[in-house]
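Novice: Let me begin by handing over the structure; questions about it come next.
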Amino acid sequence: MYRVYAFATPNSVKVPIALEELGIDYTLHAVNVRKGEQKSDGFLALNANGKVPVLTTEDRDFALTESAAILVYLAEKHGKLLSRDPVRRARTFEQLFVHASGLSPAFGQAGYFLKLGRP
30 MYRVYAFATP NSVKVPIALE ELGIDYTLHA VNVRKGEQKS DGFLALNANG KVPVLTTEDR
90 DFALTESAAI LVYLAEKHGK LLSRDPVRRA RTFEQLFVHA SGLSPAFGQA GYFLKLGRP
């Protein structure tokens, strides 16, 4: 079983969606980034960068960060969601990288200015 440390962000929600699609049991641990919980000593022990999401095994002997890396790991470990065909595989990576480097940062900025950045 896995543990997922996440907040309601585009990058965080990708991990539980993948686990649901794979039919894998997991425990979701909410990390409230608005309250700074990602900067706690306990969380920083999982991810020194203080960012969500984080995927760990139940006994926490393995922790992985960055949503795209987590998705690739889950797909490869469990043999689903990622094609073995080189072209299809490349197209999947293309979409992962577009989302991680373009869309998610834009959503984060919009969320800040629309909700948190107001006086």
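Under the numbering used here, the first residue of the sequence shown is numbered 30, with each subsequent residue one higher.
Built from N, CA and C at the ideal position, the CB exists for glycine as well.
If you're wondering where the values come from, they're calculated on a predicted model, not measured in any experiment.
Start and end of the beta strand (DSSP E) containing T121?
Specialist: Here residue 121 is taken as the residue at index 92 of the sequence shown, counted from 1. That residue, T121, is in no beta strand (DSSP E); its alpha helix (DSSP H) goes 115-127.
Novice: How far does the alpha helix (DSSP H) with A97 in it reach, from first residue to last?
Specialist: Position 68 of the sequence shown, counting from 1, holds the residue named residue 97. Here the alpha helix (DSSP H) through A97 covers 96-107.
Novice: Between the Cα of Y31 and the Cα atoms of E105, L125, V62, A92, which residue gives the shortest distance?
Specialist: Along the sequence shown, one-based indexing puts residue 31 at 2. Comparing Cα positions, the closest option is A92.
Novice: Enumerate in chain order the residues of its own chain whose CB-to-CB distance from A129 is below 8 Å, with the five nearest sequence positions on each side excluded.
Specialist: Taking the first residue of the sequence shown as position 1, residue 129 is located at position 100. Cβ within range, chain order: N40, E95, S96, A97.
Novice: Which full runs of the beta strand (DSSP E) of 3+ residues lie inside the segment 62-100, going along the chain?
Specialist: The qualifying runs are 83-86, 92-94.
Novice: Pull up the distance between the alpha-carbon of V42 and that of E66, whole angstroms please.
Specialist: Translated into the one-based positions of the sequence shown, residue 42 becomes position 13. Translated into the one-based positions of the sequence shown, residue 66 becomes position 37. Taking the straight line joining both Cα atoms gives about 17 Å.
Novice: Select from K80, D70, L84, Q138 the residue whose C-alpha is nearest the C-alpha of L57.
Specialist: Position 28 of the sequence shown, counted from the start, is the residue given in the question as residue 57. Ranking the options by Cα distance to L57, first place goes to L84.
Novice: By Cβ distance, which residues of its chain are closer than 6 Å to K150, with the 5 residues on each side in sequence left out?
Specialist: The question about residue 150 has no answer, for the chain in this structure spans 30 to 148.
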